[in-house]
Amino acid sequence: MKSSQDGKTMKSVGGHTAIPNWSGFIYQGLCAAYVALRLCYEEPEKAQKCFLSLDAYEDFAILDEKKKCLFLHQCKCYGPNSGNNFSNEFGKMRQRKEKYVENGNCKTDAKLYFHCNQNVTVGENVVLYQYIDRVSNVNPDEIEKKLGSLIDKINEGKDICINKGIFIRRLYFWIDNKVLAIHSKIMNNPGQTSFNIASGEILPINNLYQTLSGDGFSDLITKEEAASYIRIYYLKQIDKTIEIKLQLGKNINKSAIANMKNVFACYPSQKLWELFTRLNPQQIVSEIKDIGGWEGDNVKSLFGVVDGVKEYVSSNMCWKSNGVYLTPSTLSKSEAADEICYEIINNRANLNVLFDYRWLVADTNRTVQSIGKEVPNILKNTEDRYDNTTRQESDKIFNPQDIGILTIDDKNNENYK
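Under the working numbering, the sequence shown is numbered contiguously, ending at residue 418.
Structure, rendered in structure tokens:
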């Protein structure tokens, strides 16, 4: 999102609002992470004095110690059928720079960089950003690999190497949290200009540099950081699924999927771990090292549910009907119903997040009224076997007897209570 300084969006000089475009959000976040990390590697003294600005002057910008723009970066990630003529965008970038220089927010010699996943010819005074290996047109997955390669280079000069996987997750969290904080403040403060909010939410690159200078921080990644990485993973996989289905000529409910992406992106970081536990009740993920269980084909299954259900998910990634709560899930028709129920029961120690829900909506072959009754012999706790089990609200104990699996058709036809 590029916001003007007069309270309007930068559409007045040809910009656009990027935050709701979560595909662009992922791409610009990866590009910003790489540029900030590269600055730490190539010019460490300069990096310690600079700041990273997101969604204000351009998709992102590097500011000097006086918080004036040194480099302005715009990012474009397009599908295979999009055009590659960005001459209008280059003109808008130049116009914005002129405005920022005039207002004292930008150095006169600030460079304009353009990032894109396609081959493009840039306009006058605009530089096509090249990575260390001199490659320019890269997609999000390729940028992540380049981040890994850059960390390898940084590790060459360290006595104690940084854990690459953990650092990338922490880097994502660093960017992710700030972008969502900006978005939240803009939504909750309609009286303030978007520019004033976004330009005030800058990240000291010195924080990143200090992390790089540490001892590798072992396995100190938090659940919040891990879940933030999974959020990015889901958004990327959803975009891939959209692209594949469109190339195959298949119909998708674009507005429902866009709404789901928006819900994912706006979901509070501190609640993401609970969300992914709820969406994947069959996966035992009690520790950070197990989060791979939430990846893979699970995203495709969730896509199928949200694509198939007529009603949009709410901001809490669920539905409510006549006082009954329903949650989408990643349960798949590739497994028999009793096997799915068995997996959920075995994972029930982690499923108190499902306490308030009556139904798991799934892309499965049949509806199961009660998971506990589907495989009654599996329950080892006698109290779990009986219908007259009582629960107090304060206990918040998940009981497999109280929740069922609902097919997409039964959800749409309201064949449940």
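Glycine residues also receive a C-beta, built at the ideal position from the N, C-alpha and C atoms. Bear in mind that the values here come from a model prediction, so they are computed numbers and not experimental data.
> Straight-line CA distance for LEU249 to ASP240?
Replying inline: Along the sequence shown, one-based indexing puts residue 249 at 248. Along the sequence shown, one-based indexing puts residue 240 at 239. Inter-residue distance for LEU249 and ASP240 is about 14 Å (C-alpha atoms, whole angstroms).
>> Can you tell me whether ASP56 is helix, strand or coil according to DSSP?
In response: One-based indexing of the sequence shown puts residue 56 at position 55. Here ASP56 carries a coil assignment [DSSP, helix/strand/coil].
> Buried or exposed: where does LYS290 fall if 16 or more other Cβ atoms within 10 Å of its Cβ makes it buried?
Replying inline: The residue given as residue 290 occupies position 289 in the sequence shown. Counting the other CB atoms within 10 Å of its CB gives LYS290 a total below 16, which places it among the exposed residues.
>> Using only CA atoms, which one of ASP56, GLU344, GLU312 and PHE174 lies nearest to LYS224?
In response: Sequence index remark: in the sequence shown, residue 224 carries index 223 (1-based). Comparing Cα-Cα distances from LYS224 to each of ASP56, GLU344, GLU312 and PHE174, the minimum goes to PHE174.
> Alpha carbon to alpha carbon, how far is LYS418 from THR331?
Replying inline: If you number the sequence shown from 1, residue 418 lands on position 417. If you number the sequence shown from 1, residue 331 lands on position 330. Straight across, the Cα-Cα distance linking LYS418 with THR331 is about 21 Å.
> In three-state DSSP terms, what is PRO141?
Replying inline: Translated into positions along the sequence shown, residue 141 becomes position 140. Helix.
>> Quick check: what's the CA-CA separation for SER270 versus ILE169?
In response: Here residue 270 corresponds to residue number 269 of the sequence shown, with the count starting at 1. Here residue 169 corresponds to residue number 168 of the sequence shown, with the count starting at 1. Taking the Cα positions, SER270 is about 17 Å away from ILE169.
>> Is the separation between the beta-carbon of ALA363 and that of ILE341 shorter than 9 Å?
In response: Residue numbering aside, residue 363 sits at position 362 when the sequence shown is read from its first letter. Residue numbering aside, residue 341 sits at position 340 when the sequence shown is read from its first letter. At a Cβ-Cβ threshold of 9 Å, ALA363 and ILE341 count as neighbours.
>> Taking the beta carbon of ILE404 as the centre, do at least 16 other beta carbons fall within 10 Å, making it buried, or is it exposed?
In response: Within the sequence shown, numbered from 1, the residue matching residue 404 stands at position 403. Here ILE404 is buried. Its C-beta has 16 or more other C-beta atoms within 10 Å.
>> Taking the straight line between their C-alpha atoms, what separation do you get for ALA111 and ILE203?
In response: Translated into the one-based positions of the sequence shown, residue 111 becomes position 110. Translated into the one-based positions of the sequence shown, residue 203 becomes position 202. Distance between the alpha carbons of ALA111 and ILE203: 18 Å.
> Measuring CB to CB, does LEU40 end up less than 9 Å from ILE63?
Replying inline: Position 39 of the sequence shown, counting from 1, holds the residue named residue 40. Position 62 of the sequence shown, counting from 1, holds the residue named residue 63. One thing to note: LEU40 has its Cβ within 9 Å of the Cβ of ILE63.
> What is the DSSP secondary structure of PHE399, reduced to helix, strand or coil?
Replying inline: To locate residue 399, count along the sequence shown from 1; it is residue 398. If DSSP states are grouped into helix, strand and coil, PHE399 belongs with coil.
>> Could you give the first and the last residue of the continuous beta strand (DSSP E) run that contains SER330?
In response: To locate residue 330, count along the sequence shown from 1; it is residue 329. Run containing SER330: 325 to 333, per the beta strand (DSSP E) assignment.
>> Out of TYR358, ARG135, GLY92 and THR212, which one is the CA nearest neighbour of LYS321?
In response: In the sequence shown, residue 321 corresponds to position 320, counting from 1. Distance check between LYS321 and each of TYR358, ARG135, GLY92 and THR212 places TYR358 closest, using alpha-carbon atoms only.
> Which one or two residues does DSSP pair with ALA33 in a beta bridge?
Replying inline: Position 32 of the sequence shown, counted from the start, is the residue given in the question as residue 33. ALA33 is not bridged by DSSP to any residue.
>> Quick test of your reading: ALA57 and PHE196, contact by CB under 8 Å. State the CB separation rounded to the nearest angstrom.
In response: For the purposes of this step, residue 57 is identified with residue 56 of the sequence shown, where counting begins at 1. For the purposes of this step, residue 196 is identified with residue 195 of the sequence shown, where counting begins at 1. Contact check for ALA57 and PHE196: beta-carbon distance about 6 Å, within the 8 Å limit, so the pair qualifies.
>> One question on the structure: do VAL325 and GLU275 come within less than 9 Å of each other, judged by their Cβ atoms?
In response: Taking the first residue of the sequence shown as 1, we reach residue 325 at position 324. Taking the first residue of the sequence shown as 1, we reach residue 275 at position 274. No, Cβ-Cβ distance for VAL325 and GLU275 is not below 9 Å.
>> Please report the distance separating the alpha-carbon of ASN413 from that of THR328.
In response: Within the sequence shown, numbered from 1, the residue matching residue 413 stands at position 412. Within the sequence shown, numbered from 1, the residue matching residue 328 stands at position 327. In a straight line, the C-alpha of ASN413 is about 14 Å away from that of THR328.
>> Check for me: the alpha helix (DSSP H) holding ILE258 runs from which residue to which?
In response: The residue labelled residue 258 in the question sits at position 257 within the sequence shown. For ILE258, the enclosing alpha helix (DSSP H) starts and ends at 255 to 267.
> If LEU273 and SER229 are in contact, beta carbons under 8 Å, what's the gap, nearest whole angstrom?
Replying inline: Along the sequence shown, one-based indexing puts residue 273 at 272. Along the sequence shown, one-based indexing puts residue 229 at 228. Contact between LEU273 and SER229 holds, since their C-beta atoms are separated by about 6 Å, short of 8 Å.
> Residues bridged to ALA62 by DSSP?
Replying inline: For the purposes of this step, residue 62 is identified with residue 61 of the sequence shown, where counting begins at 1. Looking at the DSSP assignment, ALA62 forms a beta bridge with SER54 and LEU73.
> Relative to the alpha-carbon of ASN400, which residue among LYS69, THR242, ASN190 and TRP360 has its alpha-carbon at the smallest distance?
Replying inline: One-based indexing of the sequence shown puts residue 400 at position 399. Selected option, being the one with the closest Cα: TRP360.
> What separation, rounded to the nearest whole angstrom, lies between the Cα atoms of PHE304 and VAL36?
Replying inline: For the purposes of this step, residue 304 is identified with residue 303 of the sequence shown, where counting begins at 1. For the purposes of this step, residue 36 is identified with residue 35 of the sequence shown, where counting begins at 1. Taking the straight line from one Cα to the other gives about 32 Å.
>> Taking DSSP's pairing of strands, which residues face LYS112 in a bridge?
In response: What you label residue 112 is simply residue 111 of the sequence shown in a count that begins at 1. When DSSP reads this structure, LYS112 sits in a beta bridge with PHE72.
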